[in-house]
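These protein sequence lines map, in sequence, to chains A and B.
Quick note on numbering: the first sequence equals residues 59 to 357 in the working numbering.
Quick note on numbering: the second sequence equals residues 394 to 649 in the working numbering.
Here a beta-carbon is modelled for each residue, glycine too, at the ideal position from N, C-alpha and C.
Worksheet for the structure shown next.
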Amino acid sequence: MSLIIDVQQVSKRYGDKTALNKVNFSLEQGAPVALVGPNGAGKTTLFSLLCGYIQPSSGRISILGHGPGDSALFGRLSALPQDAQLDPRFSIATQLNFYARLQGMNNKLAKKDTVRVLEMVGLADSADSRPNELSHGMRKRAAIAQAFLGSPDIVMLDEATAGLDPANAKEIRALVAEHASTVNFILSSHDLSELERLCEQVLYLDQGQLQQHQTLSNDNSVQFLTLRMKQHHPELMPAILQIPGVSQVNMSQDREYLLSICKEQAQGKIAIDLLMLLQKYNWSYTQLINGKTLENQLF
Amino acid sequence: MVRLFKTKRGLLALLAFGTIWFIILYYFVGSASAIVTSPSSESMVTEIFRALGLSALLEWPVAEYAIYWLVAVYFFPSFALLVCSEQFCADKHRGTLRFITLRTTRVELLLGRYLGQLLIMGILILMTSLATTVLAVVRDVTLISASLQIGAKLAIALLIVVMPFIALMSLLNTLVSSARLALVAATLIFTLGPLFLAFINYQFGHSLYLNLLLPGEQISRILSQNSPMVSYYLLPLIQTGVLLLVSHLVLKRAAL
Chain A
59 MSLIIDVQQV SKRYGDKTAL NKVNFSLEQG APVALVGPNG AGKTTLFSLL
109 CGYIQPSSGR ISILGHGPGD SALFGRLSAL PQDAQLDPRF SIATQLNFYA
159 RLQGMNNKLA KKDTVRVLEM VGLADSADSR PNELSHGMRK RAAIAQAFLG
209 SPDIVMLDEA TAGLDPANAK EIRALVAEHA STVNFILSSH DLSELERLCE
259 QVLYLDQGQL QQHQTLSNDN SVQFLTLRMK QHHPELMPAI LQIPGVSQVN
309 MSQDREYLLS ICKEQAQGKI AIDLLMLLQK YNWSYTQLIN GKTLENQLF
Chain B
394 MVRLFKTKRG LLALLAFGTI WFIILYYFVG SASAIVTSPS SESMVTEIFR
444 ALGLSALLEW PVAEYAIYWL VAVYFFPSFA LLVCSEQFCA DKHRGTLRFI
494 TLRTTRVELL LGRYLGQLLI MGILILMTSL ATTVLAVVRD VTLISASLQI
544 GAKLAIALLI VVMPFIALMS LLNTLVSSAR LALVAATLIF TLGPLFLAFI
594 NYQFGHSLYL NLLLPGEQIS RILSQNSPMV SYYLLPLIQT GVLLLVSHLV
644 LKRAAL
């Protein structure tokens with residue numbers, strides 16, 4: 059595994075306000091990484107620092123062995139910056155073609171790659187449209203398309219699916235999953251279930267500080283089962299506690315239960331016992347999750 | 394180039410430019426020869442040019458270029474401020490620069506946009522200069538060689554004159570978020586700037602040569618075309634270099 063991003067003691071201050079405070083983390087090549095945190099936590103600031111849009115007040119950032127904004131990263135690091143818009147005066151194909159040529163492609167290759175990325179995000183028919191002729195979601199997809207031009211090593215997507223309809227959001231998630239084996243993604247989103255599905259590592263920022271840096275599939279999380287029910291049943295929790303190996307049951311939120319499991323017990327058997335219990339009492343469930351949800355891990 | 398020739402705003406600017414220059418060429422430059430050589434107005438024109446220190450211009454073999462030079466040396470710097478007011482400030486405001494700076498360095502962006510604007514101004518200057526040559530040749534075909542020679546010399550001189558004006562707009566683009574604000578700032582620089590510099594000179598009791606900071610400071614001196622060639626080139630070139638360097642330093646640290 060090689061190091062792709064190394065952030066050491068990075069702080070960013072805007073006047074008296076500290077947006078990021080001595081953030082440290084290293085990311086290795088591999089599965090997508092989620093960047094999570096409440097509004098104003100510093101996610102976009104961290105994205106902007108990594109892309110070289112702003113300079114850190116202190117600390118050091120290394121991306122693929124280079125400083126942010128270094129010309130060695132052109133074509134290797136791409137991003138969907140939050141709120142950045144394409145030029146309304148030119149068609150999206152013209153602009154993507156221009157970006158591809160800036161990345162070093164010749165005109166023929168740039169045109170071919172523009173068609174490829176626009177097809178990827180389902181905008182092949184709108185290639186000649188100008189951004190202001192497109193809906194918000196389509197503009198977003200065009201901006202996502204530019205991040206896939208060429209063959210980048212790292213793609214950072216800031217709120218990629220925010221504002222997209224469910225079908226298109228699903229398409230974008232599929233796109234990320236499809237390329238996850240060849241591209242290192244860093245995703246920021248408020249949709250935790252989306253990040254849970256796509257990412258294996260999570261960076262949790264809060265008030266400018268990195269609170270957690272963990273792997274979702276670590277050993278601790280397999281000691282839990284999360285059960286989501288269709289309806290509330292008062293007898294459910296005592297009944298679950300009767301299953302051998304279940305040490306504790308908590309209601310993590312409405313109709314959602316978190317089962318703590320003794321380490322020595324086989325989790326698969328407990329899951330089967332649980333499903334049989336539900337069938338016996340004719341209680342309908344919606345979801346059974348192996349481990350804690352990302353939401354329950356973080357909050 | 395694409396922005397000038399393929400966008401509505403660019404085409405409108407070109408249309409305005411074409412209309413203004415049609416009027417200038419047709420009514421002033423085209424009739425220059427008649428005005429300068431006509432017995433009824435010759436003495437008056439000579440007196441006016443002498444009073445302005447421009448009598449050297451009357452000795453040019455192609456009279457059209459005397460009028461062309463007088464108009465163009467003031468027109469093109471003003472037009473450069475207008476046309477070059479939008480280099481990258483709107484891109485910066487809209488966030489488009491975030492896409493671009495992942496693919497190019499900020500200094501390449503600055504110089505690329507600057508050189509693009511310079512190329513546009515160069516083409517426009519060349520077109521007007523050639524049109525003047527055409528007018529002169531229509532009057533007297535033997536003037537073709539002299540016209541082309543003077544036309545080329547003046548086109549280069551004009552291009553150098555506009556260079557610091559474009560560079561000033563590059564600097565303003567790094568500081569403001571719209572072309573309109575850049576134009577307002579440029580207007581304030583050229584109206585309040587000289588007053589401010591005069592006030593500073595007055596306070597210190599002697600000239601600090603701060604007026605050399607203002608683009609176009611040399612225009613009144615080069616107007617007569619009597620000054621040595623170096624004064625055409627040196628000051629605007631130094632001003633351009635300084636303005637672009639400051640623009641680079643500002644843009645390098647700017648948050649995009």
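Against residue i, what residues of chain A qualify as contacts under a CB-to-CB distance less than 7 Å, listed in chain order?
i, result
"B:R646", "Q113"
"B:L649", "Y111"
"B:T400", "R147"
"B:D533", "Those do not exist, as B:D533 stays about 45 Å from chain A at its closest Cβ, beyond 7 Å."
Which residues of chain B have a Cβ atom closer than 8 Å to the Cβ of residue i, listed in chain order?
i, result
"A:P139", "G488, R491 and F492"
"A:S136", "L495"
Count the other CB atoms within 10 Å of the CB of residue i; is the residue buried (16 or more) or exposed (fewer)?
i, result
"B:E659", "The structure shown does not extend to residue 659 of chain B, since chain B is modelled only from 394 to 649, so the question has no answer here."
"B:R506", "buried"
"A:Q161", "buried"
"A:P90", "buried"
"A:Y157", "buried"
"A:Y315", "buried"
"A:K338", "exposed"
"B:G634", "exposed"
"B:Q596", "exposed"
"A:L215", "buried"
"B:L581", "exposed"
"A:E252", "buried"
"B:G609", "buried"
"B:M562", "buried"
"A:R199", "buried"
"A:Y262", "buried"
"B:F592", "exposed"
"B:R443", "exposed"
CA-CA distance, residue i and residue j?
i, j, result
"A:D128", "B:S600", "44 Å"
"B:I647", "A:L299", "First, the amino acid is wrong: residue 647 of chain B is Ala here, not Ile. Approximately 60 Å between the Cα atoms of the pair."
"B:S471", "B:F415", "17 Å"
"A:A205", "A:V213", "7 Å"
"A:S279", "A:P126", "For A:S279, the predicted structure reports a pLDDT of 48, less than 50, and the residue's modelled location is therefore unreliable. The matter cannot be settled from this model."
"B:R614", "B:L541", "24 Å"
"B:I518", "A:A185", "36 Å"
"A:N226", "A:G110", "29 Å"
"B:W453", "B:Y626", "21 Å"
"A:T103", "B:I516", "43 Å"
"A:V68", "A:L144", "30 Å"
"B:R487", "B:L495", "15 Å"
"B:A575", "B:L590", "21 Å"
"B:P629", "A:M196", "47 Å"
"A:L268", "B:L605", "52 Å"
"A:M334", "A:F282", "18 Å"
"B:L642", "B:V466", "30 Å"
"A:E254", "A:E191", "34 Å"
"A:Q87", "B:D484", "33 Å"
"A:N242", "A:E236", "12 Å"
"A:K101", "A:I112", "13 Å"
"A:D249", "A:D312", "18 Å"
"B:L503", "A:R286", "56 Å"
"B:F464", "B:G544", "It is Val, not Phe, that sits at residue 464 of chain B in the sequence shown. Looking at the two C-alpha atoms, the distance is approximately 14 Å."
Which residues in chain B sit within 7 Å of residue i, going by Cβ to Cβ distance?
i, result
"A:A130", "None at all; the shortest Cβ gap to chain B is about 11 Å."
"A:A203", "Those do not exist, as A:A203 stays about 11 Å from chain B at its closest Cβ, beyond 7 Å."
"A:Q143", "R487, G488 and T489"
List, in order along the chain, the chain A residues whose C-beta lies closer than 8 Å to that of residue i?
i, result
"B:R496", "F132, G133, Y157, L160 and Q161"
Nearest to residue i by CA position, among the options, is which residue?
i, options, result
"B:V554", "B:N594, B:T412 and B:A473", "B:A473"
"A:L294", "A:P302, A:G303 and A:V307", "A:V307"
"B:L616", "B:V422, B:A425 and B:I460", "B:I460"
"B:S528", "B:P557, B:V455, B:V639 and B:L642", "Residue identity differs from the one stated: residue 528 of chain B is Leu in this sequence, not Ser. Of the candidates B:P557, B:V455, B:V639 and B:L642, the one whose C-alpha sits nearest the C-alpha of B:L528 is B:V455."
"B:T392", "B:V577, B:R402, B:L475 and B:Y458", "Outside the shown range of chain B (394 to 649) lies residue 392 of chain B, about which nothing can therefore be said."
"A:R147", "B:I413, B:K401, B:L649 and B:L504", "B:K401"
"B:Q632", "B:L404, B:I428, B:F558 and B:L504", "B:F558"
"A:H194", "A:D331, A:S239, A:Q140 and A:I244", "A:Q140"
"A:K228", "A:L285, A:S239 and A:V179", "A:V179"
"A:V260", "A:L332, A:S84, A:R71 and A:N79", "A:S84"
Please list, in chain order, the chain E residues whose beta carbon lies closer than 9 Å to that of residue i.
i, result
"A:G127", "Judged by its chain identifiers, the structure shown contains no chain E, and its protein chains are A and B."
* Would you check if there are 3 or more beta carbon pairs closer than 8 Å linking the stretch 523-543 of chain B to the stretch 564-571 of chain B? => no
* Cβ contact check for the stretch 338-357 of chain A and the stretch 129-144 of chain A: 3 or more pairs under 8 Å -> no
* Between the stretch 86-100 of chain A and the stretch 162-177 of chain A, do three or more beta carbon pairs fall short of 8 Å? -> no
* **Meets three-Cβ-pair contact criterion under 8 Å: the stretch 408-422 of chain B and the stretch 317-331 of chain A** => no
* On the three-pair Cβ rule with 8 Å, is the stretch 473-489 of chain B touching the stretch 541-551 of chain B? -> no
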